[in-house]
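If you read the protein sequences in the order shown, they are chains A and B. Everything in the first sequence is counted per the numbering used here, starting at 1 for the first residue and increasing by one. Everything in the second sequence is counted per the numbering used here, starting at 360 for the first residue and increasing by one.
2 protein chains.
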Amino acid sequence: MENTPPPSPFPGLITREQEPLNLELPFPTLTEPVLPANRLFVRSHFPVPALDAATWQLRIEGAVSQPFTLSYDELRQLPATTLQATLECAGNGRARLTPKAKGLLWEQGAVGNAEWTGVPLSALLAQAGVAPDALEVICEGADQGTMNDEPKAPGVIAFARSLPLAKATRPEVLVAYLLNGQPLPPEHGFPVRLVVPGWYGMASVKWLNKLTISTEPYAGYWQTLEYAYWQRHHGQPTLVPVAEMQVKAEIARPALHEAVPVGQPYRVFGAAWAGESEVTSVEISLDQGKTWQPARLLGAAVPFAWRFWEYSWTPAAPGRHTLQARATDLAGRTQPTTHDPDRRNYMINKVASVEVFVG
Amino acid sequence: MENTPPPSPFPGLITREQEPLNLELPFPTLTEPVLPANRLFVRSHFPVPALDAATWQLRIEGAVSQPFTLSYDELRQLPATTLQATLECAGNGRARLTPKAKGLLWEQGAVGNAEWTGVPLSALLAQAGVAPDALEVICEGADQGTMNDEPKAPGVIAFARSLPLAKATRPEVLVAYLLNGQPLPPEHGFPVRLVVPGWYGMASVKWLNKLTISTEPYAGYWQTLEYAYWQRHHGQPTLVPVAEMQVKAEIARPALHEAVPVGQPYRVFGAAWAGESEVTSVEISLDQGKTWQPARLLGAAVPFAWRFWEYSWTPAAPGRHTLQARATDLAGRTQPTTHDPDRRNYMINKVASVEVFVG
Numbered sequence: 001m002e003n004t005p006p007p008s009p010f011p012g013l014i015t016r017e018q019e020p021l022n023l024e025l026p027f028p029t030l031t032e033p034v035l036p037a038n039r040l041f042v043r044s045h046f047p048v049p050a051l052d053a054a055t056w057q058l059r060i061e062g063a064v065s066q067p068f069t070l071s072y073d074e075l076r077q078l079p080a081t082t083l084q085a086t087l088e089c090a091g092n093g094r095a096r097l098t099p100k101a102k103g104l105l106w107e108q109g110a111v112g113n114a115e116w117t118g119v120p121l122s123a124l125l126a127q128a129g130v131a132p133d134a135l136e137v138i139c140e141g142a143d144q145g146t147m148n149d150e151p152k153a154p155g156v157i158a159f160a161r162s163l164p165l166a167k168a169t170r171p172e173v174l175v176a177y178l179l180n181g182q183p184l185p186p187e188h189g190f191p192v193r194l195v196v197p198g199w200y201g202m203a204s205v206k207w208l209n210k211l212t213i214s215t216e217p218y219a220g221y222w223q224t225l226e227y228a229y230w231q232r233h234h235g236q237p238t239l240v241p242v243a244e245m246q247v248k249a250e251i252a253r254p255a256l257h258e259a260v261p262v263g264q265p266y267r268v269f270g271a272a273w274a275g276e277s278e279v280t281s282v283e284i285s286l287d288q289g290k291t292w293q294p295a296r297l298l299g300a301a302v303p304f305a306w307r308f309w310e311y312s313w314t315p316a317a318p319g320r321h322t323l324q325a326r327a328t329d330l331a332g333r334t335q336p337t338t339h340d341p342d343r344r345n346y347m348i349n350k351v352a353s354v355e356v357f358v359g
Numbered sequence: 360m361e362n363t364p365p366p367s368p369f370p371g372l373i374t375r376e377q378e379p380l381n382l383e384l385p386f387p388t389l390t391e392p393v394l395p396a397n398r399l400f401v402r403s404h405f406p407v408p409a410l411d412a413a414t415w416q417l418r419i420e421g422a423v424s425q426p427f428t429l430s431y432d433e434l435r436q437l438p439a440t441t442l443q444a445t446l447e448c449a450g451n452g453r454a455r456l457t458p459k460a461k462g463l464l465w466e467q468g469a470v471g472n473a474e475w476t477g478v479p480l481s482a483l484l485a486q487a488g489v490a491p492d493a494l495e496v497i498c499e500g501a502d503q504g505t506m507n508d509e510p511k512a513p514g515v516i517a518f519a520r521s522l523p524l525a526k527a528t529r530p531e532v533l534v535a536y537l538l539n540g541q542p543l544p545p546e547h548g549f550p551v552r553l554v555v556p557g558w559y560g561m562a563s564v565k566w567l568n569k570l571t572i573s574t575e576p577y578a579g580y581w582q583t584l585e586y587a588y589w590q591r592h593h594g595q596p597t598l599v600p601v602a603e604m605q606v607k608a609e610i611a612r613p614a615l616h617e618a619v620p621v622g623q624p625y626r627v628f629g630a631a632w633a634g635e636s637e638v639t640s641v642e643i644s645l646d647q648g649k650t651w652q653p654a655r656l657l658g659a660a661v662p663f664a665w666r667f668w669e670y671s672w673t674p675a676a677p678g679r680h681t682l683q684a685r686a687t688d689l690a691g692r693t694q695p696t697t698h699d700p701d702r703r704n705y706m707i708n709k710v711a712s713v714e715v716f717v718g
């Protein structure tokens, strides 16, 4: 039995890439609003760094009056916050783009919701004394390596993203060390990661070891050549970092190409999320978007967490049927029917079609 | 004779690309400090737009108190400046990089010096009344199309670059309509182009038709995905637009692999330029950079123009010899011996080696 690989710590996740590790939740298996740690999608850019909590340190420096270094024990002694946050990869849904998009081809499940515990980043910033002309916090992880796709990164780089101070000082942004009450698994950032609720996952820097407060916009690799999209300013496209998650409903069941019995009620079921806003409605279309019926939102709204929903469908006729779901948020934003190419291969929330076979 | 192509308006230039048109000066043919228009390198990103001076307009808008539109006749009635400027393509010398660089493989001659006449951009900015919080001027050309290399541009885009106001308001930056006293040839921007002395050529936007004064840094395609390089800030590489030309000496003669007679004086000859600074010395090495002898600078220094130089060399022994030249500027900056990969495929001014055969 020597050649038997050890059991995966992530049974049932879809492997998108083995090295670095990229795993996706098979979305039709969704049942629980707070996923266990081993059911959360895994997004890695480099090999998982082997860090030791006893030697790990977080350095806070740059445009601050009191730069300082924090140990794992010191961090855990500070007042902590526990909250749910739905994190979605900025490339989730990429398998639905045509022509074939660059990057990992995620289907639906590069998204998950869990409970995180940590120290508000704002508390650490207050302790450091942020300079009045500071703009951003550059958040750097211990994971590093080379990116050889064109355009190449310049040699070995670390994963790093910046947060504007307006977001970094919000109470929900955590320097987190527990996931569902347990220490973080290595693949989810052990010992310490950032959790940035409402923003795509790339902002929640794992294996966090450095915060640099900066007085100018950070134009690092991960917010220019990757995780950036086009916004039109003065009629010309300009590259801006991907940030807040777009409003989105995903159908968990029926699964794509599922066989559904005719003439019986079927419980269409899924989840919806809305970045920093809140899902106010989910609607279902059975006629390619001509008409929409309201789905029922389940449970209570939890800030920054997805919300489950259901819709009872009784298919009257056999044959191919297409289901579509769309969510709308508090600000009235809803999902587009096509993917805006200015978003490149990110922020994919166009209304998706789930074709099923009724018989 | 119906199938005979018309004679090229650029006899003797090397074709790097036919469509769009990209032509290079064969540098060993250099003789005159002010090149005739048909000996200047041509750099195009899209097909040359067919513009009519009678209908051409320049629009000036954005963060200004008095947006306005200017015709070709109106422009030519404003007080004008005539100056020489050496323009070098940011990718000149790319054929010398190993491994093979991305982009057009220019050798030495994507550089040229000519005399330009136009209205200082500062005069137009003063007329428009720039807002106190303005940062940059986005300069847009009439040339447009698609860029399909990865990473792709979002659909049809125009060529556009921004200039920080600190440079845009310098007296040498011209909205130019004459080249060596004649209207601009179509390939050089007819009817009107920007000329930004001291900066790489991409700043001198051809077929100029729009100036937008902006209060934020412009992150357009041509200064993020193209014409940008890495600067290290806080230990991490950040992407910044290519701007000022680097100090550089180029050997025109001997040409690469030229046969040089033994025991006779040979006039080594070339040009040197130094961006916004001034060339203070050119030196020659015949021993792979171990020792350097001064070359003689010719003529008088002309601001923003290259300067010719010569060096008398009497090769004593037959066989392979290598010549190297390096320039130094007023600020003491000189040429590196290797290409810094943080510069990507731009700003190539490493000391080049010209191997010749003495016999």
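Where a beta carbon is used, it is the ideal one built from N, C-alpha and C, also for glycine.
Here E635/B carries a coil assignment [DSSP, helix/strand/coil].
Per DSSP, Q236/A is one residue of the beta strand (DSSP E) stretching across 236-241. Just measuring C-alpha positions, the residue of F159/A, K210/A, W199/A sitting nearest Y221/A is F159/A. Look at W199/A: its C-beta is not under 8 angstroms from any C-beta on chain B. Chain-order list of chain B residues neighbouring S214/A: H592, H593, by C-beta distance under 9 angstroms. In the three-state reduction of the DSSP assignment, Q127/A falls in the helix class, which pools H, G and I. In the DSSP assignment, R685/B falls within the beta strand (DSSP E) that extends over 678-688. The alpha-carbon of R552/B is positioned some 7 angstroms away from that of Y536/B. Look at the beta carbons and you see the segment 262-273 of chain A not touching the segment 232-240 of chain A: under three pairs across the two are nearer than 8 angstroms.
In the three-state DSSP reduction, F427/B falls in the strand class (E or B).
For A168/A, the enclosing alpha helix (DSSP H) stretches over residues 165-168. Considered as a whole, the segment 73-110 of chain A harbours 81-88 as its complete beta strand (DSSP E) runs of no fewer than 3 residues, in chain order. Considering only beta carbons, the part of the segment 131-145 of chain A lying closer than 9 angstroms to chain B consists of I138, E140, in chain order.
At a Cβ-Cβ threshold of 8 angstroms, P408/B and P379/B do not count as neighbours. Taking a 10 Å sphere around the C-beta of V515/B, we find fewer than 16 other C-beta atoms and assign the residue as exposed. The three-state reading of DSSP puts H188/A in helix, counting H, G and I together. By a beta-carbon distance limit of 8 angstroms, L494/B contacts T574/B. Their separation comes to about 6 angstroms. The C-alpha of H321/A lies about 58 angstroms from the C-alpha of M706/B. Of all residues in the segment 332-356 of chain A, only P341, D342 place a beta-carbon less than 7 angstroms from a beta-carbon of chain B. Per DSSP, K569/B is one residue of the beta strand (DSSP E) stretching across 567-573. Assignment of D502/B by DSSP, reduced to helix, strand and coil, places it in the strand class. Using a C-beta cut-off of 8 angstroms, the segment 599-614 of chain B makes contact with the segment 628-639 of chain B, since at least three inter-stretch Cβ pairs fall below that distance. Within chain B, not a single residue places a beta-carbon under 9 angstroms from that of Y227/A; the smallest gap is close to 12 angstroms.
Counting of Cβ neighbours within 10 angstroms places N22/A among the buried residues, the total reaching 16 or more. Cβ-Cβ distances below 6 angstroms link M506/B to A512 in the same chain, with the five nearest sequence neighbours on each side left out; the list follows chain order. Within the model, the alpha-carbon separation for P261/A versus L208/A is close to 49 angstroms. Beyond the five residues adjoining it in sequence on each side, Q108/A comes within less than 6 angstroms, by CB distance, of F27, E250 in the same chain, given in chain order. Cβ contact annotation for R435/B (same chain, cutoff 8 angstroms, sequence separation greater than five): Y536, in chain order. The residues L51, A53, P183, L184, W207, in chain order, have a CB closer than 8 angstroms to that of F190/A in the same chain once the five nearest residues on each side in sequence are set aside. A101/A and F68/A have their alpha carbons spaced roughly 42 angstroms apart. Counting every other CB atom within 10 Å of its CB across the protein chains shown gives G141/A a total of 16 or more, marking it as buried.
Listed by position along chain B, the residues whose Cβ is nearer than 7 angstroms to that of P99/A form an empty set, because the closest Cβ is around 11 angstroms away.
With a contact defined as Cβ atoms closer than 8 angstroms, A690/B and A654/B miss out at about 20 angstroms. R16/A counts as buried, since no fewer than 16 other beta carbons sit within 10 angstroms of its beta carbon. In chain order, W230, P237, P341, D342, R344 make up the part of chain A whose C-beta sits under 8 angstroms from the C-beta of P513/B. Residues of the same chain with a CB within less than 7 angstroms of the CB of R702/B, apart from the 5 flanking positions on each side, are Y588 in chain order.
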